[in-house]
Amino acid sequence: MDRRLSWQAENDQGHAILNQLERACLLERVLGRDGYVKLHDLIRDMALRITKDNRRYMVKAGLHLREIPDVQEWAEDLDKLSLMNNSIEEISSGMSPKFPQLSTLILSGNPLKSIPDCFFTQMCGLRTLDLSLTSIQYLPNSISDLENLRTLLLRNCRCLVSIATLENLRLLRRLDLSYTGVKEVPHGVESLTNLKVLALNCKSLSMIPTGVLHGLSLLQKLILPYHIGVPIEEVLALKQLEVFHGSVNGVCDLNRLITCLQSLGRLSFYTIVLNPKISRKNYGVLPLKRGKFVLFDQDCIMESSIGEGKILLPLDIDKLINLF
Numbered sequence: 001m002d003r004r005l006s007w008q009a010e011n012d013q014g015h016a017i018l019n020q021l022e023r024a025c026l027l028e029r030v031l032g033r034d035g036y037v038k039l040h041d042l043i044r045d046m047a048l049r050i051t052k053d054n055r056r057y058m059v060k061a062g063l064h065l066r067e068i069p070d071v072q073e074w075a076e077d078l079d080k081l082s083l084m085n086n087s088i089e090e091i092s093s094g095m096s097p098k099f100p101q102l103s104t105l106i107l108s109g110n111p112l113k114s115i116p117d118c119f120f121t122q123m124c125g126l127r128t129l130d131l132s133l134t135s136i137q138y139l140p141n142s143i144s145d146l147e148n149l150r151t152l153l154l155r156n157c158r159c160l161v162s163i164a165t166l167e168n169l170r171l172l173r174r175l176d177l178s179y180t181g182v183k184e185v186p187h188g189v190e191s192l193t194n195l196k197v198l199a200l201n202c203k204s205l206s207m208i209p210t211g212v213l214h215g216l217s218l219l220q221k222l223i224l225p226y227h228i229g230v231p232i233e234e235v236l237a238l239k240q241l242e243v244f245h246g247s248v249n250g251v252c253d254l255n256r257l258i259t260c261l262q263s264l265g266r267l268s269f270y271t272i273v274l275n276p277k278i279s280r281k282n283y284g285v286l287p288l289k290r291g292k293f294v295l296f297d298q299d300c301i302m303e304s305s306i307g308e309g310k311i312l313l314p315l316d317i318d319k320l321i322n323l324f
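All residue numbers for the sequence shown refer to UniProt numbering, where the first residue is 1 and numbers rise by one.
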């Protein structure tokens, strides 16, 4: 994809490409899952056959593998490796593959419990790392060696409780920690000044430290846990923000947020919860989909009536949801 100035422009371009592939019958709709497409089995087999002789790509997805293929099978100039949706539970202790040209590594959907500390040491060219839907409990220290990393996906790693410092990943543009078990914002996030997408919606997260968002001026998409009120001053400083999910601490903060975001005219999708206290018991009903939602309860109305003034709602709101 061509680089675009905004998240919405990149999103539109991506959908245009998908629509074109679907019209050419290279992709097809997934029955029963609105908004999803997939490769037809025959098209996928053909694609794998075409790339079989190109050793820069290795795709061994969904083959019930129990361990990572022997390094001798990897070409020296291997560029992309997908081992997703297998049965890999562990990586041999001390394994440190030397593949400096590897740019994409996908291990998602494996029951992987741990990764040796030295595993990423010799993968200095890695740009995309997907460990989503694995059972890892911590990230290895060698994650700090991936200074060219652009995308780090840890979504639904529910056992993940500890993350080594991310301070060295200065080129990172997308960090997804959604539905992990982390209890603290990882050290170094505040240094990731190139971040465009940050997803921190973790039920176990206890707080958003002051200053974490201060230097992330390029953020276009921000997803925070609904049970924690956002640091409003830091969010108001994010002038590139187009997608926001999070809670505000009261009517005053909501009105400031709405006024600021509407004056910038960039917000495409949002879910704003007025009062983070109500979100824990309603966590399952809070939408995280494309739309424009504001959620409130009776306490918010009482708060508004006794001194904080009228509730200011966005002009383009899709739905106002009363949780009681």
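All residues carry an ideal CB built from backbone N, CA and C; glycine is no exception.
Within the same chain, and ignoring the five residues on either side of Gly188 in sequence, the residues whose Cβ sits closer than 6 angstroms to its Cβ are Thr165, Leu166 and Glu167.
For Thr151, the closest alpha carbon among the candidates Val251, Leu131 and Arg127 is that of Arg127. If you look at Lys52, you'll find it in the alpha helix (DSSP H) that goes Asp41 to Lys52. Between the segment 28–38 and the segment 47–58, the count of Cβ pairs shorter than 8 angstroms is below three; the stretches do not touch. Remark: C-beta atoms of Leu171 and Ser135 do not approach each other more closely than 8 angstroms.
Ile232 sits in a helix when the DSSP states are folded into three classes. For Ser263, the three-state secondary structure derived from DSSP is helix.
Here Gln220 is near Lys196, since their CB atoms are less than 8 angstroms apart. With the rule of 3 Cβ pairs closer than 8 angstroms, the segment 40–52 does not count as touching the segment 65–73.
Judged by DSSP in its simplified three-state form, Asn194 adopts coil rather than helix or strand. Between Met123 and Pro140, the CB-CB gap reaches or exceeds 8 angstroms. Looking only at Ser103, Thr180, Phe293 and Pro186, the smallest Cα-Cα distance to Ile163 is reached by Pro186.
For His15, no beta strand (DSSP E) run applies; the uninterrupted alpha helix (DSSP H) run containing it begins and ends at Trp7 to Arg23, by DSSP.
Within the segment 130–188, no complete alpha helix (DSSP H) segment of 4 residues or longer occurs. The beta carbon of Leu320 lies closer than 6 angstroms to those of Val294 in the same chain, with the five residues before and after it left out.
By the beta-carbon neighbour count (other beta carbons within 10 angstroms, threshold 16), Cys202 is buried.
As the crow flies, the alpha-carbon of Ala24 is around 13 angstroms from that of Ala16. For Arg256, DSSP records no beta bridge to any residue. Taken through DSSP and simplified to helix, strand or coil, Val251 comes out as helix. According to the DSSP assignment, Leu222 belongs to the beta strand (DSSP E) that extends over Lys221 to Ile223. By the C-beta density criterion, Ser108 is buried, having at least 16 other C-beta atoms within 10 angstroms. Across the set Arg173, Leu267, Tyr179 and Leu153, the C-alpha of Tyr179 shows the shortest separation from the C-alpha of Cys159. Between the alpha carbons of Lys310 and Val251 lies a distance of about 8 angstroms. By DSSP's assignment, Ser114 forms a beta bridge with Glu90. By the beta-carbon neighbour count (other beta carbons within 10 angstroms, threshold 16), Ser206 is exposed. Annotated three-state conformation of Val243 is strand, per DSSP.
If you look at Tyr270, you'll find it in the beta strand (DSSP E) that goes Phe269 to Leu274.
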